[in-house]
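Residues in the sequence shown are numbered from 299 upward in steps of one, following our numbering. Below is one structure, written out as structure tokens; the observations come after it.
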Amino acid sequence: QVQLVESGGGSVQAGGSLRLSCAASGNLYSIFDMGWYRQAPGKERELVAEMGSGGRTKYADSVKGRFTISRDNIKNTADLQMNSLEPGDTAVYYCALKFIHYTVPNYWGQGTQVTVSS
């Protein structure tokens, strides 16, 4: 089993910044990607940003240039720095871990609320 513990999130006005952190622990038996997804009310969960162990990144078009994902392979943590936040970024954000050769995350964090007011 793998545990993902998230921290950060909260409420901020448009144009502000927030930082989310995620720490993975447990049976990390193979190479894995870490990433962040979000789900707004009435919408499907979507990928926000993802980083492989080698540093490869992937971002949703809507957050490119505003959000930055970083990762510490020693501590098994992944952070998401969110700048220039917009009301459309309001959602529950989930940390995710995906082992190599899988196409969807194997484990999820509990989720943390991000609310951006105009």
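Here a beta-carbon is modelled for each residue, glycine too, at the ideal position from N, C-alpha and C. Fair warning: this is a prediction, and the values are worked out from it, not measured in the lab.
Identify whether residue i lies in helix, strand or coil by the three-state DSSP scheme.
i, result
"Gly386", "helix"
"Val402", "coil"
"Ser328", "coil"
"Ser305", "strand"
"Ser319", "strand"
"Ser415", "strand"
"Ser351", "coil"
In angstroms, rounded to a whole number, what distance separates the CA positions of residue i and residue j?
i, j, result
"Asn374", "Ala389", "24 angstroms"
"Arg369", "Lys396", "14 angstroms"
"Gly308", "His399", "34 angstroms"
"Gly314", "Thr355", "23 angstroms"
"Thr401", "Leu383", "29 angstroms"
"Asn381", "Arg336", "16 angstroms"
Assuming residue i and residue j form a contact by the criterion Cβ under 8 angstroms, report the distance between their Cβ atoms to the nearest whole angstrom.
i, j, result
"Gln257", "Ser328", "The chain is shown only over 299 to 416; residue 257 falls outside these bounds and no answer can be derived."
"Val412", "Leu345", "With 8 angstroms as the limit, Val412 and Leu345 do not qualify as a contact, their Cβ atoms being about 15 angstroms apart."
Among the residues of its own chain, which have a CB less than 6 angstroms from the CB of residue i, if the five just before and after it don't count?
i, result
"Asp331", "Glu348, Gly350 and Lys396"
"Trp406", "Tyr392 and Ala394"
Going by C-alpha distance, which of the options is nearest residue i?
i, options, result
"Gly306", "Tyr391, Pro403 and Tyr405", "Tyr391"
"Ser410", "Trp334, Gln311 and Gly314", "Going by the sequence as given, residue 410 is Thr instead of Ser. Measuring from the Cα of Thr410, the nearest candidate turns out to be Trp334."
"Val303", "Thr401, Ser415 and Cys393", "Cys393"
Looking only at its chain, what residues have a beta carbon closer than 8 angstroms to the beta carbon of residue i, apart from the 5 residues adjacent to it on each side?
i, result
"Asn325", "Gln299 and Val300"
Skipping 5 residues on each side, what residues in its chain have a beta carbon closer than 7 angstroms to that of residue i?
i, result
"Ala338", "Thr388 and Ala389"
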